[in-house]
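To convert, note that position 191 of the sequence shown is 191 in full-length UniProt numbering; the numbers rise steadily by one, no gaps. What follows is a short report on a single structure.
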Amino acid sequence: MVAYSAKQEFLFLTAVPDAGKLPGEKHFPEELKPTGKVLSDSRLIQPLVYMERLELIRNVCRDEALKNLSHTAVSKFVLDRIFVCDKHKILFCQTPKVGNTQWKKVLIVLNGAFPSIEEIPENVVHDHEKNGLPRLSSFSDAEIQKRLKTYFKFFIVRDPFERLISAFKDKFVHNPRFEPWYRHEIAPGIIRKYRRNRTETRGIQFEDFVRYLGDPNHRWLDLQFGDHIIHWVTYVELCAPCEIKYSVIGHHETLEDDAPYILKEAGIDHLVSYPTIPPGITMYNKTKVERYFLGISKRDIRRLYARFEGDFKLFGYQKPDFLLN
């Protein structure tokens, strides 16, 4: 736990470090930037957890031993993940399988495409021709840097292994959005490369998926799969948290508290509400994680953890020793 004096605490509540140094730009000033509305004295204590999350990211980003796992270029791939609300000066980085659909709905309403969340058709939310959500990549370099320096920036994380389970279930088991390429193109590609028992004819298994993700040479398949990999690549690769200094990092496990805080810090809590969260849906489910990893070799699990270690360390998730040892 990081200790703060009353004065430091107040400064932390009203400011975060600037956007940092980006490729192609010599230097961004090391000055404090406002994150949103100044909080009243009665709410000074609550936001400490959010400041500690940002401090943890700063510390891990400075750890040379983790540099390969914590740093990434602010490429078009990253800029494509960041949605823009110019009207309220907000940037939201998409981290799939962490409740992003609901945050997209919030931004769609703020951008004026629909008057309320309830009126947004489900088939429009992810249709970028119709949802009125511009991506940061659609702006010029100068406009991108201006927004990164001055806008309120946030994204949401969850336990990295639980997110991978969610991605596997959603894309390869249930596939509720009827995206046939996951089962008919991506799954066969993974099976051909990573299935150990060549006589096994079942569809893709979680073990195949884990072996693919933990392979240090996974990128040759990723290139074939294109942007579909956003559902399982690391938070580092999606949002570049060491290169872009975010205002708030929300956690799926505490979303009931984090969502209202984010709306208030962004200065939009009087305009829109986060959709109702069903009871228990955000809780970490250790039993489910153990069940999915049952029977998978320790070697494969360790290789998977080695790839996602940056995500575990940056966002304070406990190393899953119950799976590794």
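All C-beta atoms, glycine included, are put in the ideal place defined by N, C-alpha and C.
Report the rounded CA-to-CA distance for C61 versus I186, giving the unit in angstroms.
For this step, residue 61 is matched to residue 61 along the sequence shown. For this step, residue 186 is matched to residue 186 along the sequence shown. Roughly 33 Å between the two C-alpha positions.
Ends of the beta strand (DSSP E) at C242?
Start at 1 with the first residue of the sequence shown, and residue 242 comes out as number 242. Where C242 is concerned, there is no enclosing beta strand (DSSP E), given that its DSSP letter is neither H nor E.
Less than 6 Å between C-beta atoms, sequence neighbours within five positions excluded: which residues of the same chain meet that for E309?
For the purposes of this step, residue 309 is taken as the residue at position 309 of the sequence shown. The residues are L69.
Would P160 pass as a contact of Y317 if the rule is Cβ separation under 8 Å?
If you number the sequence shown from 1, residue 160 lands on position 160. If you number the sequence shown from 1, residue 317 lands on position 317. Cβ atoms of P160 and Y317: closer than 8 Å.
Run through the segment 192-254 for me and flag every whole alpha helix (DSSP H) of 4 or more residues, listed as ranges in chain order.
206-214, 219-225 and 235-239
If you run the structure through DSSP and keep just helix, strand and coil, what is V272?
As a position in the sequence shown, residue 272 is number 272, starting the count at 1. The three-state reading of DSSP puts V272 in coil, since its state is none of H, G, I, E or B.
Is the beta carbon of K104 closer than 8 Å to that of V84?
Your numbering for residue 84 matches position 84 in the sequence shown. Your numbering for residue 104 matches position 104 in the sequence shown. No, Cβ-Cβ distance for V84 and K104 is not below 8 Å.
Would you kindly work out how many angstroms separate the C-alpha atoms of Y274 and T201, rounded to a whole number?
The residue you call residue 274 lines up with position 274 of the sequence shown. The residue you call residue 201 lines up with position 201 of the sequence shown. One C-alpha to the other measures close to 43 Å.
Consult DSSP for R58 and reduce its assignment to one of helix, strand or coil.
Position 58 of the sequence shown, counted from the start, is the residue given in the question as residue 58. R58 falls in the helix class under three-state DSSP.
Sorry if obvious, but does the Cβ on R183 come closer than 7 Å to a heavy atom of the ligand HEM?
The ligand HEM is not part of the structure shown, which contains no ligands of any sort.
Can you tell me where the beta strand (DSSP E) with V173 in it begins and where it stops?
In the sequence shown, the residue the question calls residue 173 occupies position 173. Careful: V173 lies outside any beta strand (DSSP E) and carries neither H nor E.
Tell me the DSSP secondary structure of K153 in three-state form.
Translated into the one-based positions of the sequence shown, residue 153 becomes position 153. Here K153 sits in strand by DSSP.
Which word fits A259, buried or exposed, when buried means at least 16 other C-beta atoms lie within 10 angstroms of its C-beta?
Position 259 of the sequence shown, counted from the first residue, corresponds to residue 259. With 16 or more other CB atoms across the displayed protein chains lying within 10 angstroms of its CB, A259 is buried.
Measuring CB to CB, does F155 end up less than 8 Å from F92?
By 1-based counting over the sequence shown, the position of residue 155 is 155. By 1-based counting over the sequence shown, the position of residue 92 is 92. Yes, these two residues count as a Cβ contact at 8 Å.
Among L107, T276 and H231, which has the Cα closest to the Cα of E179?
Counted from its first residue, the sequence shown places residue 179 at position 179. A check of alpha carbon separations from E179 across L107, T276 and H231 identifies H231 as the nearest.
Please state whether the Cβ-Cβ distance between V98 and R135 is less than 8 Å.
Stepping through the sequence shown from its first residue, residue 98 is reached at position 98. Stepping through the sequence shown from its first residue, residue 135 is reached at position 135. No, these two residues do not count as a Cβ contact at 8 Å.
Could you give the residue range of the beta strand (DSSP E) that holds V84?
The sequence position of residue 84 within the sequence shown is 84, counting from 1. It spans I82 to C85 - the beta strand (DSSP E) in which V84 sits, taken as one unbroken run.
Return the CA-CA distance between Y194 and A65, expressed in angstroms with no decimal places.
By one-based count along the sequence shown, residue 194 stands at place 194. By one-based count along the sequence shown, residue 65 stands at place 65. Whole-angstrom Cα-Cα distance: 29 Å.
So, helix, strand or coil for F92, using DSSP?
Looking up residue 92 in the sequence shown gives position 92. Residue state, collapsed to three classes: strand.
For the 8 Å Cβ check, are there 3 or more pairs between the segment 45-56 and the segment 282-294?
no
For T101, which residues in the same chain have their Cβ closer than 8 Å to its Cβ, ignoring the five residues on either side in sequence?
Residue numbering aside, residue 101 sits at position 101 when the sequence shown is read from its first letter. Excluding sequence neighbours, T101 sits near V125 and H126.
Leaving out five residues before and five after S116 in sequence, what residues of the same chain have Cβ atoms less than 8 Å from its Cβ?
Taking the sequence shown and counting its residues from 1, one reaches residue 116 at position 116. Around S116: V109.
Would you mind stating whether C239 and V78 have Cβ atoms separated by less than 8 Å?
As a first step, residue 239 must be located in the sequence shown, where it is residue number 239. As a first step, residue 78 must be located in the sequence shown, where it is residue number 78. It is a contact, given that the beta carbons lie within the stated cut-off.
Give every residue of the same chain whose Cβ lies closer than 6 Å to the Cβ of S137, excluding the five residues on either side of it in the sequence, and list them in chain order.
Within the sequence shown, numbered from 1, the residue matching residue 137 stands at position 137. Within its own chain, the residues whose Cβ lies closer than 6 Å to the Cβ of S137, once the five positions on either side in sequence are excluded, are K76, L79 and D80, listed in chain order.
With V74 as the anchor, note down where its alpha helix (DSSP H) starts and where it stops.
What you label residue 74 is simply residue 74 of the sequence shown in a count that begins at 1. From DSSP, V74 is part of no alpha helix (DSSP H); its letter is neither H nor E.
State yes or no: is the beta carbon of F315 nearer than 8 Å to at least one beta carbon in chain D?
Absent here is chain D; the protein component of the structure consists of one chain.
When you compare only the Cα positions, how much space is there between T72 and Y235?
As a working mapping, residue 72 is identified with position 72 in the sequence shown. As a working mapping, residue 235 is identified with position 235 in the sequence shown. Looking at the two C-alpha atoms, the distance is approximately 10 Å.
Going by the CB atoms, is the gap between R303 and G214 shorter than 8 Å?
As a working note, residue 214 is residue 214 in the sequence shown. As a working note, residue 303 is residue 303 in the sequence shown. It is a contact, given that the beta carbons lie within the stated cut-off.
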